[in-house]
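Student: Quick note on the numbering used here: the sequence shown kicks off at 43 and runs consecutively.
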Amino acid sequence: MKINIPRFAIFFVCVMGLFWFIPNFYTKAFKADKFQFGGFFSPISKEFVIWEVGPDRLTYKNENDEKLDRVSAQKMLPFLFYNSINKWGAFPLQTVDGENITYDTAKSGIQMLRLSARNIFSDALPLHVLFESSPLGVSLEMPEDMLLIKFNRFVFINCTSGKIDKEKSESFTAEAKNAGIIFPILKAFSNPSDMKPFDEGLLFADSANKIFQLKMVEGAPFVKKISEAMDGKILHINVDENEKRVFYSSIVTEDSIYINTYEDGLKKLPIENYNPKTTSTTAYFASIYETILLNNLSAKNSSMHYVAAKDFDIVREYQKNLPQDIVQKREYLSYGLSFLSPFYLAQFNNFSNEVLFEMKFAPNLVFAFFGILFALVLYIVLNYKKRFYVVDLAAICLTGIPGLIALQIFGSIAKKN
Numbered sequence: 043m044k045i046n047i048p049r050f051a052i053f054f055v056c057v058m059g060l061f062w063f064i065p066n067f068y069t070k071a072f073k074a075d076k077f078q079f080g081g082f083f084s085p086i087s088k089e090f091v092i093w094e095v096g097p098d099r100l101t102y103k104n105e106n107d108e109k110l111d112r113v114s115a116q117k118m119l120p121f122l123f124y125n126s127i128n129k130w131g132a133f134p135l136q137t138v139d140g141e142n143i144t145y146d147t148a149k150s151g152i153q154m155l156r157l158s159a160r161n162i163f164s165d166a167l168p169l170h171v172l173f174e175s176s177p178l179g180v181s182l183e184m185p186e187d188m189l190l191i192k193f194n195r196f197v198f199i200n201c202t203s204g205k206i207d208k209e210k211s212e213s214f215t216a217e218a219k220n221a222g223i224i225f226p227i228l229k230a231f232s233n234p235s236d237m238k239p240f241d242e243g244l245l246f247a248d249s250a251n252k253i254f255q256l257k258m259v260e261g262a263p264f265v266k267k268i269s270e271a272m273d274g275k276i277l278h279i280n281v282d283e284n285e286k287r288v289f290y291s292s293i294v295t296e297d298s299i300y301i302n303t304y305e306d307g308l309k310k311l312p313i314e315n316y317n318p319k320t321t322s323t324t325a326y327f328a329s330i331y332e333t334i335l336l337n338n339l340s341a342k343n344s345s346m347h348y349v350a351a352k353d354f355d356i357v358r359e360y361q362k363n364l365p366q367d368i369v370q371k372r373e374y375l376s377y378g379l380s381f382l383s384p385f386y387l388a389q390f391n392n393f394s395n396e397v398l399f400e401m402k403f404a405p406n407l408v409f410a411f412f413g414i415l416f417a418l419v420l421y422i423v424l425n426y427k428k429r430f431y432v433v434d435l436a437a438i439c440l441t442g443i444p445g446l447i448a449l450q451i452f453g454s455i456a457k458k459n
């Protein structure tokens, strides 16, 4: 039995469309309830206060999985809820160590960092905005030119005329080389927003894997070396100008995250087994403790790993797994998804900003087999008075219910004698 090529082409296009449509429609129609973890290390109890965010509730818990009422939970987190605590008249709060946390101390607040594979592996902008870091007024103004990093030099291009400012380009390039920068530049990142409170310029890694900072101060180049050669390949540098002034950049390598602090320079986050491809990281930097939340996005049933540190030395760790009922419900939903389609065409995932077209197996192969078996039986029932073709049956064995739908709509892919 030969295959009818035109019919097979139509069948293939239809099945590929159904591999996307059926799983996508199913997951939206029977979407599992939203559930996620949060948490913060309490300087009052010296333990983590966990919050669980469900579809219709926010629940606070302690490390023993005991529920906490809202007031009690928030009183243990003065750096997050200082206004509420002040309204309740609860300041000053005394820690286990006997220290007092006042309203002014708590109000100094926190600076937060969030990193995921989506931003770590996104492409850096080819053009950079280099602001005047010492403007005459309060606000930053967009410059008249853009910075382009060439193989062996910096190039400033006027946005109006499109012409290269040779004098400025040569000045910045010469200053960079005098500071020990080795071209070509491997990675370069900046914050192009003019709404930020101040400017820390451009941070980049040179060919020797050393980190430098480039700023424009009163029109002149300013170059500062942040680190000697880093261990491991540098994947991403996040520039974050924040009024809290705890840090102004973070550097991600293949197995570590470094924080570039104002007071102590470059500090390594105290985390182990870090994988930038699959780990979502949230870090809070308060005046006493650092709280780090690590979520493994590749795990079937994700869990949250909590780390508390003081001056970047670990003082406490805690692991929180998804509740069993949430895990079970998601498992049940995967059964239906697998039954309906043995494959699915993924457009997006948690690890990339790109639009993808990846063909993946169903999450549960046993139910995928039952789905294929159901499609075969239904095909025979629907066509019991007609002639069966081996090639059609083989197509259903490979594609399941999507293949059955395509055959019923467009007919057999067999070339009839």
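Cβ coordinates follow ideal geometry from the N, Cα and C atoms, glycine included.
May I ask you to report which of helix, strand or coil DSSP gives lysine 41?
Tutor: Since the first residue shown for the chain is 43 and the last is 459, residue 41 is missing from the structure and cannot be characterised.
Student: Which same chain residues, not among the five before or five after phenylalanine 123, have their C-beta less than 7 angstroms away from its C-beta?
Tutor: The answer, listed in chain order, is Gln116.
Student: Can you tell me whether phenylalanine 173 is buried or exposed? The criterion is at least 16 other CB atoms within 10 Å of its CB, across all chains shown.
Tutor: Phenylalanine 173 is buried by the Cβ-count criterion.
Student: State buried or exposed for aspartate 248, treating a residue as buried only when at least 16 other CB atoms are found within 10 Å of its CB.
Tutor: So aspartate 248 ends up on the buried side.
Student: Can you find the residues in the same chain that come closer than 6 angstroms, C-beta to C-beta, to asparagine 251, ignoring five residues on each side of it along the sequence?
Tutor: Same-chain partners within the cutoff: Ala271 and Met272.
Student: Does the Cβ-Cβ distance between serine 158 and threonine 323 come in under 9 angstroms?
Tutor: Cβ distance < 9 angstroms, so serine 158 and threonine 323 count as in contact.
Student: Quick check on lysine 117: does DSSP put it in helix, strand or coil?
Tutor: Helix at lysine 117.
Student: Given 8 angstroms as the limit, is there contact between the stretch 215 to 231 and the stretch 273 to 281, that is, 3 or more CB pairs closer than that?
Tutor: Segments in contact, yes.
Student: Check whether the stretch 239 to 248 touches the stretch 175 to 189, counting contact only when three or more Cβ pairs, one atom from each stretch, lie closer than 8 angstroms.
Tutor: Yes, the stretch 239 to 248 touches the stretch 175 to 189.
Student: Pick from Lys310, Ser329 and Ser298: whose alpha carbon is nearest that of arginine 287?
Tutor: When only C-alpha atoms are compared, the closest one is Ser329.
Student: With DSSP as the reference, label serine 126 as helix, strand or coil.
Tutor: If DSSP states are grouped into helix, strand and coil, serine 126 belongs with the helices.
Student: So, with DSSP's three-state summary, where would you put arginine 49?
Tutor: It is helical.
Student: Quick one, which of Lys192, Asp207, Phe196 and Ala166 has its alpha-carbon nearest glutamate 186's?
Tutor: Nearest option by C-alpha distance: Asp207.
Student: Kindly indicate which residue of Pro97, Val433 and Ser150 has the alpha-carbon position closest to the one of lysine 76.
Tutor: It is Pro97 whose Cα lies nearest to the Cα of lysine 76.
Student: The beta strand (DSSP E) that contains isoleucine 334, what's its start and end?
Tutor: Looking at the DSSP string, the run of the beta strand (DSSP E) that includes isoleucine 334 is 332 to 338.
Student: Enumerated in chain order, which unbroken segments of the alpha helix (DSSP H) with a length of 4 residues or greater are wholly contained in the stretch 205 to 260?
Tutor: Correct list: 208 to 220.
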